[in-house]
Structure formats: structure tokens, C-alpha cells
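Under the numbering used here, the first residue of the sequence shown carries the number 1209, and numbering increases by one thereafter.
The block underneath contains the structure these notes are about, expressed in C-alpha cells.
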Amino acid sequence: MEHYWFEAVRAFAIIGLLVIVGCLVVAILIMFMENQMLPMIAAILAFVAAFCLLIEFAVYAGEREEFAPSEVFDLGYCFALTVVGFLLCIAAGICFIVPKFLG
């Protein structure tokens, strides 16, 4: 039995991680450069990373049940860390956008 969904989960996890690293690089550049576009680029990268993580944990949660019956269905701590990463990416995107509208 082949599990193509698991390959999709891995792919979106890796893409999300790479986009988060890109967002971190842009955030470091914001500290040293005065550029109006960098916060928007960082916000877009944060939201793209959140979208990738959303797809990752949605597919994983939806397809994981075929391995275990629902009585012993446990997603594990890695799933919880992915959800926390998703929430932090959303928070980071908002933090990059808010100063542009307030200042």
C-alpha cells in the first residue's frame, strides 16, 4: 500500500521550513537596512510558510487514521509542534504588518 499523502506531508514540511528560514533572513536584513519593502516581504513569507504548514498538518491529520483505529488515534508531539509553528508564523506575519499601518 503506497502512501502518496505522506510524501506530500514531507514536501510541505520542507517547503515550509525553507520559507521560514527565508523569512528569518529577511527579518535580519530589516534590522540592518532601511527599506520599506522588507517588512512586507517578511510578512508574505511568514504567511506562505503558515499556509504550507496548514496544508501539512491538515493532510496528515486527515489521512493518519488509516494507520490506526480511532480509539488509539494519537497524533503525537510533532503534530502539536507543527500547529504551534503555524500559529507562530501567523503571529510573525501580523507583527511584520502592524507597524506599517500604525506608523
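All residues carry an ideal CB built from backbone N, CA and C; glycine is no exception.
Only a predicted model underlies this, so the values are computations on that prediction, with no experimental measurement involved.
Residue environment for Glu1264: buried (at least 16 other C-beta atoms within 10 angstroms of its C-beta). Assignment of Met1239 by DSSP, reduced to helix, strand and coil, places it in the helix class. The residues Gly1301, Phe1304 and Ile1305, in chain order, have a CB closer than 6 angstroms to that of Ala1251 in the same chain once the five nearest residues on each side in sequence are set aside. The Cβ-Cβ distance between Cys1231 and Ala1257 falls below 8 angstroms. For Met1245, the secondary structure class from DSSP, reduced to helix, strand or coil, is coil.
The C-alpha of Glu1215 is placed about 14 angstroms away from the C-alpha of Cys1260. DSSP places Leu1289 in the helix class (H, G or I) of the three-state scheme.
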